[in-house]
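Residue numbers (this note's numbering), protein chains in the order written: chain A, 1 to 289; chain B, 290 to 545.
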Amino acid sequence: MFNESSLNIKNKKVQRLFNILFMLMTVLLIIPVLIILVTLIYKGGGIISLEFLFTDPVNGMTAGGIFPALIGTIWLVALALLISVPLGVCAAIYLSEYAQDNWFTRIINLAIINLAGVPSIVHALFGVGAFVIFFGFGTSILAASLTLAIMTLPVVIVSTRESLQAVPIAFREACWNMGATRWQTIRRVVLPNAVSGILTGIILEVSRTAGETAPIMFTGAAFFLPYLPQGIFDQTMALSLHLFVISTQVPNVPEALPYGVALVLIAMVLLMNSVSIAFRMHLRGKKKW
Amino acid sequence: MVNTQDTPIVEVKNLSISYANTRALNNVNLQIYKNEIFGIIGPANAGKTSFLKTLNHMDSFNHKMKVEGEVFFQGINVREVNNIYALRSKIGVVFPLPVGLPLSIYDNVALSPRLRGIKNKQDLDIIVERCLQRAALWDEVKDRLHALGSLLSGGQQQRLTIARALSQEPELLILDEFSIAVDPVTTMRIEDVLTELKQEMTIILVTNLVQQAYRLADRTAFFLTGDCVEIAETESLFSGQVTDSRTNDYIQGRFG
């Protein structure tokens with residue numbers, strides 16, 4: 001009764017073929033990531049120590065630690081988030097919950113997609129023109145963070161909007177039917193159920209911001225500074241630029257040093273990503289509908 | 290039974306609804322009176338749900354929906370109401386598919402009172418218990434009020450939705466095919482509840498179960514492809530006193 005026809009056999013073969021094809025592609029994807037990690041740990045792992053993380057670079061940046069760059073990156077990322085998150089989340093709430101589907105909204109959405117596609121070097125030059133010169137912030141943490149914020153805004157908006165849209169429309173309709181205003185509906189039903197997704201998006205955002213070099217190199221990140229930034233109008237060192245500088249601009253740098261800096265930068269990003277993955281797993285465990 | 294001399298709680302005049310090029314409702318006129326259960330029967334695509342949406346002006350959320358004509362609730366034209374939120378809070382709506390909000394069972398029922406500004410925990414406790422009791426759900430959930438309402442079974446969620454609608458202390462309760470996702474036993478329990486609720490509020494019962502309208506409704510309207518074919522006392526409608534032969538055909542199950 002359940003004898004296989006030739007069609008059944010063919011279907012099975014094709015199915016197996018595609019299974020293998022997709023798996024191969026996935027494995028292919030992992031290989032470069034593994035190679036990068038293994039190389040970094042192999043060549044730069046030895047240099048990592050508490051002293052490396054918490055002392056200043058010395059001897060024309062050919063020795064010593066990376067403390068000012070580490071602190072600078074934290075400054076830049078934190079301030080950029082402080083600017084882009086409120087702006088992006090508010091804009092996403094407007095686009096998802098209030099805006100009607102008309103030409104105006106469509107133009108805004110198009111602009112956001114385009115903004116996401118602008119190369120980071122163009123953002124950098126915009127940052128110089130707008131924040132460093134026009135607003136007169138000079139090359140400073142503020143100008144660099146603003147540039148980073150503008151660059152990451154579209155990603156914050158899109159990921160927040162997706163999280164909001166993932167909350168079923170039926171929940172909103174039930175609330176509206178009860179006589180709730182749009183804001184009451186957003187605050188009591190939509191946001192509480194989207195907040196984990198929004199946070200996940202923001203954390204992923206942090207990891208992207210931390211690695212950017214071009215947007216900060218003309219706007220606020222310094223080649224070398226022997227002191228820590230005292231405020232947002234100071235310049236600062238940053239890990240990504242420091243890596244670029246010691247790999248290309250400084251002679252006689254020991255081979256392990258750039259690998260060590262790269263490893264710290266990647267470790268920071270991986271740490272952030274694992275936090276976001278843990279968050280998502282926590283979220284999945286508490287499925288609400 | 291229903292005194293048609295009273296001022297109606299809902300009055301619909303020349304109501305037509307269309308979506309783009311398709312007509313969903315054609316020039317409907319009807320009155321619904323206080324403390325009656327008004328049944329609406331009819332096959333799919335009859336315009337029943339579209340009709341309901343106009344009663345609390347929910348069509349304002351759907352820009353493809355074009356509404357002509359007038360709808361009066363307690364003598365006030367709902368299209369000209371200043372405080373649309375107050376109007377909606379007086380009308381409880383239960384959808385065909387249960388919508389348990391992703392909040393705790395308690396918060397689901399307390400949501401509407403909270404929107405009205407009731408904050409006192411004891412007051413809320415009383416409202417929540419009373420509404421869950423009346424929706425025949427209290428006994429099943431009283432020990433886990435803080436579990437998620439959206440994870441209850443379909444039938445329980447539908448009773449939760451009814452409890453939530455009751456927490457609005459509505460003057461009009463709209464049930465749109467509430468029994469689709471509910472088992473027959475629970476359906477009978479809810480039907481018993483509805484006959485009790487009739488003392489306090491007006492109920493519009495849209496149903497695809499002709500017998501349900503027969504059991505519950507005081508008057509019944511028959512909608513067909515956007516036309517309100519017939520409105521009559523349920524008794525007379527089901528005893529064959531109809532003006533349009535299609536009504537009889539539908540009630541007898543000959544089409545639809």
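Yeah, the Cβ is synthetic: ideal placement off N, Cα and C, and Gly gets one too.
{"Item": "For B:I306, three-class secondary structure by DSSP", "Value": "strand"}
{"Item": "Contacts that B:V299 makes with chain A (C-beta to C-beta distance below 7 Å)", "Value": "Those within 7 Å of B:V299 in chain A number zero; the least Cβ separation is about 16 Å."}
{"Item": "The segment 296–315 of chain B in contact with the segment 468–486 of chain B per 3-pair CB rule at 8 Å", "Value": "no"}
{"Item": "Chain-order list of residues whose beta-carbon lies under 7 Å from that of A:S163 (same chain, five-residue window excluded)", "Value": "A194, G197, I198, G201"}
{"Item": "Continuous beta strand (DSSP E) stretch holding B:G328: start and end", "Value": "326–330"}
{"Item": "Listed by chain order, chain B residues near A:T181 by CB distance under 9 Å", "Value": "Y374, L404"}
{"Item": "B:T546 burial status per 10 Å Cβ neighbour count (16 or more: buried)", "Value": "Past the edges of chain B, shown from 290 to 545, lies residue 546 of chain B, and the structure says nothing about it."}
{"Item": "Beta-carbon separation (whole angstroms), A:M268 vs A:A69, contact threshold 8 Å", "Value": "Wrong, their Cβ atoms sit about 11 Å apart, outside the cutoff."}
{"Item": "Short CB-CB distance (under 7 Å) between B:S378 and chain A", "Value": "yes"}
{"Item": "7 Å Cβ cutoff, A:L171 in contact with chain B", "Value": "Here residue 171 of chain A turns out to be Phe, not Leu, going by the sequence shown. With 7 Å as the cut-off, A:F171 counts as an interface residue toward chain B."}
{"Item": "Straight-line Cα distance separating A:S159 from A:R172", "Value": "20 Å"}
{"Item": "The segment 443–460 of chain B: positions lying closer than 9 Å to chain A by Cβ", "Value": "T450, R453, A454, S456, Q457"}
{"Item": "Residue from A:I31, A:Y94, A:L153, A:T139 whose Cα sits closest to the Cα of A:S120", "Value": "A:L153"}
{"Item": "Beta-carbon spacing of A:G127, A:T147 below 7 Å", "Value": "yes"}
{"Item": "Whole-Å CB distance - B:L344 paired with B:I373, under 8 Å assumed", "Value": "Wrong, their Cβ atoms sit about 12 Å apart, outside the cutoff."}
{"Item": "7 Å CB neighbourhood of A:P226 in its chain, flanking five on each side removed", "Value": "D56"}
{"Item": "Chain A within 7 Å of B:L390, Cβ atoms only", "Value": "yes"}
{"Item": "For B:L341, three-class secondary structure by DSSP", "Value": "helix"}
{"Item": "Among B:L386, B:S528, B:T514, B:R543, nearest to B:A333 - alpha-carbon criterion", "Value": "B:T514"}
{"Item": "Residues, ordered as in the chain, of the segment 340–351 of chain B that lie near chain A by beta-carbon distance below 7 Å", "Value": "N345, M347, F350"}
{"Item": "Unbroken alpha helix (DSSP H) run spanning B:T509, endpoints", "Value": "Note, B:T509: premise wrong, no alpha helix (DSSP H); beta strand (DSSP E) at 508–513."}
{"Item": "Chain B contact for A:N109 (CB, 7 Å cutoff)", "Value": "no"}
{"Item": "Closer than 7 Å to chain A by CB, B:S401", "Value": "yes"}
{"Item": "Simplified DSSP state of B:P459, which is helix, strand or coil", "Value": "coil"}
{"Item": "Any C-beta of chain B under 7 Å from that of A:Q165", "Value": "no"}
{"Item": "Unbroken stretches of the alpha helix (DSSP H), 4 residues or longer, contained in the segment 210–236 of chain A", "Value": "214–217"}
{"Item": "Minimum Cβ-Cβ distance from B:V382 to chain A less than 7 Å", "Value": "yes"}
{"Item": "For A:L253, three-class secondary structure by DSSP", "Value": "A quick correction: the sequence has Val, not Leu, at residue 253 of chain A. Correct three-state label for A:V253: coil."}
{"Item": "Chain-ordered neighbours of A:R280 on chain B, where CB pairs are closer than 8 Å", "Value": "Residues of chain B passing the Cβ test: none, with the nearest at roughly 17 Å."}
{"Item": "Same chain only: Cβ atoms within 6 Å of B:L434, ignoring 5 sequence neighbours per side", "Value": "I394, Y395"}
{"Item": "A:H242 burial status per 10 Å Cβ neighbour count (16 or more: buried)", "Value": "buried"}
{"Item": "Enclosing alpha helix (DSSP H) for A:K13 [first to last residue]", "Value": "6–44"}
{"Item": "Exposure label - A:P251; buried when at least 16 CB within 10 Å", "Value": "exposed"}
{"Item": "A:D234 CB to nearest heavy atom of the ligand ZN below 6 Å", "Value": "The ligand content of the structure shown is nil, which means the ligand ZN is not present either."}
{"Item": "Every unbroken beta strand (DSSP E) inside the segment 135–190 of chain A [3 residues or more]", "Value": "none"}
{"Item": "Any chain B beta carbon closer than 7 Å to A:A194", "Value": "no"}
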